[in-house]
Each structure stands twice: as C-alpha cells, then as structure tokens.
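**Student:** Counting from 1, position 14 in the sequence shown corresponds to residue 14 in full-length UniProt numbering; the numbering is continuous, with no gaps.
Quick reminder that beta carbons are idealized off the backbone N, C-alpha and C, glycines included.
Model, not experiment: these values are computed from the prediction.
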Amino acid sequence: MDVIPEKPKPLVEANPSLVPLLASALLIILPTAFFLLRYLGRNVGERSPGQSPAPPPALPPADSIVSLRIYPIKSCRGITVPSAKLLRTGLDLDRQWMFISLPQREFLTIRTNPRLTLIETAVDAAADTLTVSIKGSGDDPDSTITIPAHPSPAWLAANATLRAGNVIWAQQTDGWEYPPALTQAFARFLGVDELRLLYKGPTPRVLRGAGAPAVLGRTQATNFADMMPVQVSSLASLAELNARLARAGEAEIDVERFRPNVVVGGHVPWDEDGWKTLRLGGGGEAVE
Numbered sequence: 001m002d003v004i005p006e007k008p009k010p011l012v013e014a015n016p017s018l019v020p021l022l023a024s025a026l027l028i029i030l031p032t033a034f035f036l037l038r039y040l041g042r043n044v045g046e047r048s049p050g051q052s053p054a055p056p057p058a059l060p061p062a063d064s065i066v067s068l069r070i071y072p073i074k075s076c077r078g079i080t081v082p083s084a085k086l087l088r089t090g091l092d093l094d095r096q097w098m099f100i101s102l103p104q105r106e107f108l109t110i111r112t113n114p115r116l117t118l119i120e121t122a123v124d125a126a127a128d129t130l131t132v133s134i135k136g137s138g139d140d141p142d143s144t145i146t147i148p149a150h151p152s153p154a155w156l157a158a159n160a161t162l163r164a165g166n167v168i169w170a171q172q173t174d175g176w177e178y179p180p181a182l183t184q185a186f187a188r189f190l191g192v193d194e195l196r197l198l199y200k201g202p203t204p205r206v207l208r209g210a211g212a213p214a215v216l217g218r219t220q221a222t223n224f225a226d227m228m229p230v231q232v233s234s235l236a237s238l239a240e241l242n243a244r245l246a247r248a249g250e251a252e253i254d255v256e257r258f259r260p261n262v263v264v265g266g267h268v269p270w271d272e273d274g275w276k277t278l279r280l281g282g283g284g285e286a287v288e
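1) According to DSSP, is asparagine 166 helix, strand or coil?
2) Whole alpha helix (DSSP H) runs in the UniProt domain "MOSC" (205-288) with 4 or more residues, listed along the chain?
3) Would the region 72-85 and the region 110-120 be scored as touching if the rule is three or more Cβ pairs under 8 angstroms?
4) Going by DSSP, what residues sit across from glutamate 120 in a beta bridge?
5) Have a look at lysine 85 and aspartate 124 and give me their C-alpha separation to the nearest angstrom.
6) Residues in its own chain within less than 7 angstroms of leucine 162 by CB, not counting five upstream and five downstream?
7) When burial is assigned at 16 or more other CB atoms within 10 Å of the CB, is glutamine 96 buried or exposed?
8) Would valine 268 and alanine 236 qualify as a contact pair, given that the criterion is a beta-carbon distance under 8 angstroms?
9) Report yes if the C-beta distance between valine 264 and serine 133 is below 8 angstroms; otherwise report no.
10) Rounded to a whole number of angstroms, what is the C-alpha to C-alpha distance between methionine 228 and tyrosine 71?
11) Taking the straight line between their C-alpha atoms, what separation do you get for leucine 197 and glycine 209?
12) What do you reckon, are the CB atoms on alanine 212 and glycine 90 nearer than 8 angstroms?
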C-alpha cells in the first residue's frame, strides 16, 4: 500500500559549507552509560565448549567517526548513512515515527516486542520517501508502505490526525496518527490488535534526566528517543565489554545492540561517560 509522496527534498546534506549553519544547533549531552550497559551479558548466546575467544579487533583512530546511523521508526531496524543533518532534536529522520497500541496509546518497544527488529526502513533521498517493510514478507503488497520522509503540514492535515496523550516512558506527547488501513499487516505481524503509526507532533518533548532544563540550563527537546537527541558509543568501550563477555564464556555482541547514532573509535573505554560536549570537525566547520 503506497501513500503518494510529496515533492522531493534533500535528505542528507553533504555540502561542507552548510555545516557552520548547524554549529549552534545542538549541545549534545552524552550519558552513554544509558545505552552501553556495562553489565550486559544476558541472552547473548553461548560459545562452543573449549572454543577460544577471538582476539580483539584493532581499533580505528580514537577521534574518528566510524559510522552514522538513523532509526526512522523507534525500535525498528536502522539505516547507515554517509552523512546526516544535525537538528536540535537529533539527526534528521531519527526516531521521527513510532508505533503505538490502542486504547492506551502507549509506544511499542523492542524490549517487549522483539519482532520490531524485523521491520525494515529505507530512505529514497531523491524521492524524499520512507519505505517501511516486514522482512521476509515476500510479495505481500500490504507488508510494504511508502510515506513522505518529510511530510508537510498540509500533507499531514489531509492524511493524518493530530492526537495528544500518546505515552512514551510515562511521558505524554502529541503526534500525527496515520490511518489504521496503512498498518494492518504490521498489526498482524506484531500481534497487536489496534496498531497505529505516529509521526511526532509539533509540541516539544522536553528532555528529562541529565537533559532536564534545571540540569542543562536551557530547555531542549527531542522526537521519540528514550532520553537524548543523539546516542553516541565508542568501539573502545565495546571492545572492553566484549573482553569481559569472553572471559565469562559468552558470545561477543555488536555495537548495533545499543542502537547508536554516532559510533566513534574511542581510546579509553567508557571515557565517553564523562563527556559533556562532542565537537565534530575543526576550524570554521566544527559542530558542537
């Protein structure tokens, strides 16, 4: 089932001259302990008896960005991108949508519905569309939908309904609810009787915890991310975690387990736990 997309807009900005325009866009607070759980070791599989752990891979330079990823629909499969526009709410298109269940209007999370990982997303930058599909669904036309990646207010008013009272981690927010016919196949796949796809509404979703106004010193918002606009992890921390898992006889895990937006090389494991500001680039093209 397809929804007619709007006039194309660029998805990613690779022109370095645009970077200074973003320099004041976001001061990233990085409590990476939130998503790099130091004691994660449950349900990660087992190594065959007597099998020696593989040697740790060589790390890239500590200050290099290894990869950029966006997750258009919260808890669904993400996309690796060569570049991304940095907004105050996070990377463009990151966690801009989420699935909710009715009548509670509560968000669906991978923690309780792991089948969300089998819902794939793809962005067509030329057409400015987002395609959502169920992995392995074959030729079922209802298991793939295409919607505008950057819907205009006019498109939303004509094709969706703005509703308040949507719940994400006990916090309420507004969102544009897409018609139920669009997600019937996804509802069956996820085992949810009343499923809706929601696009973030206009009311700011103010940060909590370390990003709360009283702590941060200003009011900042995000889309449907759990806590912070940008999630950052380092390969140095992942290597240290995998070394401990190996000593415990557990299988290694990939950085994608933590669903980061920015993966850096790192130097000292867990050093990023103390970062307050992340500076990208140098000179007149730096972004903080």
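**Tutor:** Reading off the structure:
1) Numbered from 1 along the sequence shown, position 166 holds the residue referred to as residue 166. The answer is strand: DSSP assigns asparagine 166 an E or B state.
2) As far as the UniProt domain "MOSC" (205-288) is concerned, its whole alpha helix (DSSP H) runs of at least 4 residues are 213-216 and 235-247.
3) By the Cβ test, the region 72-85 is in contact with the region 110-120, since at least three Cβ pairs between them sit closer than 8 angstroms.
4) The residue given as residue 120 occupies position 120 in the sequence shown. In DSSP, glutamate 120 forms a bridge with Ser133.
5) As a position in the sequence shown, residue 85 is number 85, starting the count at 1. As a position in the sequence shown, residue 124 is number 124, starting the count at 1. Going by the C-alpha atoms only, they are around 15 angstroms apart.
6) Stepping through the sequence shown from its first residue, residue 162 is reached at position 162. Only Asp174, Trp176 and Gly201 meet the Cβ criterion.
7) Within the sequence shown, residue 96 is the residue found at index 96, counting from 1. Burial call: buried.
8) Locating residue 268 in the sequence shown gives position 268, where the first residue counts as 1. Locating residue 236 in the sequence shown gives position 236, where the first residue counts as 1. Taking 8 angstroms as the Cβ cut-off, valine 268 and alanine 236 qualify as a contacting pair.
9) For this step, residue 264 is matched to residue 264 along the sequence shown. For this step, residue 133 is matched to residue 133 along the sequence shown. Not a contact, by the Cβ cut-off of 8 angstroms.
10) What you label residue 228 is simply residue 228 of the sequence shown in a count that begins at 1. What you label residue 71 is simply residue 71 of the sequence shown in a count that begins at 1. One C-alpha to the other measures close to 14 angstroms.
11) As a first step, residue 197 must be located in the sequence shown, where it is residue number 197. As a first step, residue 209 must be located in the sequence shown, where it is residue number 209. Within the model, the alpha-carbon separation for leucine 197 versus glycine 209 is close to 27 angstroms.
12) In the sequence shown, counting from the first residue as 1, residue 212 sits at position 212. In the sequence shown, counting from the first residue as 1, residue 90 sits at position 90. No, the Cβ-Cβ distance between alanine 212 and glycine 90 is not below 8 angstroms.
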